[in-house]
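J.:
In our numbering, the protein residues as written are 378 to 555.
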């Protein structure tokens, strides 16, 4: 990771990013892109796809920089969260999959046996709806709509720690019910 020029503090960088400074975005990219690319590459496992995901990450950073709050965590942690979530979204299979069963193809007379696997098909949506109100809403926003924990805390006007606790508690409940 390259170091920021001595004249730049993290606070100054964030301020200039929020003002739309091209120089600040260039510095941000130079400093963090190699590390974020390494993290993304471990999740995606395809160099070309990882490069595309990295571009998507920096687009999201540009779009969401005004949501960053240094009182809730360091800039790098925020960037890392965006990178991981974007990489997981890319690596995660799409919600609807078509799988062709290879069971005795001759007996199908040219027809394919297609199975549909979706969130509803595996019962995950039903399980989420068994969670108490605010916990259910948090799970929907994070796991179905793709928001970050920080975004959910902002949207629901609750502390980030509360979001994290509700996720941990919800996952424990879901494991018990599964």
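Glycine included, every Cβ here is placed at the ideal spot set by N, Cα and C.
State the Cα-Cα distance for the pair residue 472 and residue 385, rounded to the nearest angstrom.
T.: Counted from its first residue, the chain shown places residue 472 at position 95. Counted from its first residue, the chain shown places residue 385 at position 8. With a pLDDT of 34 at residue 472, under the threshold of 50, the modelled position of that residue is not reliable, and the figure given next carries that caveat. Going by the C-alpha atoms only, they are around 43 Å apart.
J.: Could you tell me whether the Cβ atoms of residue 451 and residue 416 are closer together than 9 Å?
T.: As a position in the chain shown, residue 451 is number 74, starting the count at 1. As a position in the chain shown, residue 416 is number 39, starting the count at 1. The answer is no: Cβ separation not under 9 Å.
J.: Hey, how far is the Cα of residue 443 from the Cα of residue 395?
T.: Stepping through the chain shown from its first residue, residue 443 is reached at position 66. Stepping through the chain shown from its first residue, residue 395 is reached at position 18. Computed Cα separation, rounded: 6 Å.
J.: Output needed for residue 537: all residues of its chain with C-beta closer than 7 Å, excluding positions within five of it in sequence on either side, in chain order.
T.: As a working note, residue 537 is residue 160 in the chain shown. 449, 526, 527, 530.
J.: Given that a residue counts as buried once 16 or more other Cβ atoms are within 10 Å of its Cβ, and exposed if not, what is residue 351?
T.: The displayed coordinates of the chain run from 378 to 555. Any statement about residue 351 would go beyond what the structure contains.
J.: Do you know offhand how far residue 400's Cα is from residue 551's?
T.: Sequence index remark: in the chain shown, residue 400 carries index 23 (1-based). Sequence index remark: in the chain shown, residue 551 carries index 174 (1-based). Spanning the two alpha carbons is a distance of roughly 46 Å.
J.: From residue 406 to residue 523, what distance separates their C-alpha atoms?
T.: Position 29 of the chain shown, counting from 1, holds the residue named residue 406. Position 146 of the chain shown, counting from 1, holds the residue named residue 523. When rounded, the distance between both Cα atoms is 24 Å.
J.: Nearer than 8 Å: is that true of the beta carbon of residue 552 relative to any heavy atom of the ligand GDP?
T.: As presented, the structure is devoid of all ligands, the ligand GDP included, so that no description of it is given.
J.: Work out the CA separation of residue 465 and residue 426 for me, nearest whole Å.
T.: In the chain shown, the residue the question calls residue 426 occupies position 49. In the chain shown, the residue the question calls residue 465 occupies position 88. C-alpha separation (whole angstroms): 12 Å.
J.: Which residues bound the alpha helix (DSSP H) around residue 518?
T.: For the purposes of this step, residue 518 is taken as residue 141 along the chain shown, with counting starting at 1. Taken as a continuous stretch (DSSP letters only), residue 518 belongs to no alpha helix (DSSP H), as it is neither H nor E.
J.: If you compare alpha carbons, which of 428, 412, 402, 447 is closest to residue 440?
T.: Position 63 of the chain shown holds residue 440. When only C-alpha atoms are compared, the closest one is 402.
J.: Could you give the first and the last residue of the continuous alpha helix (DSSP H) run that contains residue 424?
T.: As a working note, residue 424 is residue 47 in the chain shown. Element bounds for residue 424: 424 to 441.
J.: Can you find the residues in the same chain that come closer than 7 Å, C-beta to C-beta, to residue 513, ignoring five residues on each side of it along the sequence?
T.: Translated into positions along the chain shown, residue 513 becomes position 136. Closer than 7 Å at the Cβ level, and outside the excluded window around residue 513, lie 505, 506.
J.: Roughly how many whole angstroms lie between the Cα atoms of residue 404 and residue 535?
T.: Walking along the chain shown from the start, residue 404 turns up at place 27. Walking along the chain shown from the start, residue 535 turns up at place 158. Cα to Cα, the separation comes out at about 32 Å.
J.: List the whole-angstrom C-beta distance separating residue 463 from residue 437, where the pair is believed to meet the contact cut-off of C-beta under 8 Å.
T.: One-based indexing of the chain shown puts residue 463 at position 86. One-based indexing of the chain shown puts residue 437 at position 60. Indeed they touch by this definition, with Cβ atoms about 6 Å apart.
J.: What span of residues does the alpha helix (DSSP H) with residue 556 cover, start to end?
T.: No answer is possible for residue 556: the residues shown for the chain start at 378 and end at 555.
J.: Got a sec, what are the start and stop residues for the alpha helix (DSSP H) residue 526 sits in?
T.: Your numbering for residue 526 matches position 149 in the chain shown. 526 to 533 is the extent of the alpha helix (DSSP H) around residue 526.
J.: If residue 431 sits next to residue 414, beta carbons under 8 Å apart, how far is it from one beta carbon to the other, in whole angstroms?
T.: For the purposes of this step, residue 431 is taken as the residue at position 54 of the chain shown. For the purposes of this step, residue 414 is taken as the residue at position 37 of the chain shown. So it is a contact: roughly 5 Å between Cβ atoms.
J.: Going by other Cβ atoms of all chains shown within 10 Å of its Cβ, with 16 needed for buried, is residue 521 buried or exposed?
T.: Mapped onto the chain shown, residue 521 falls at position 144. Residue 521 should be labelled exposed.
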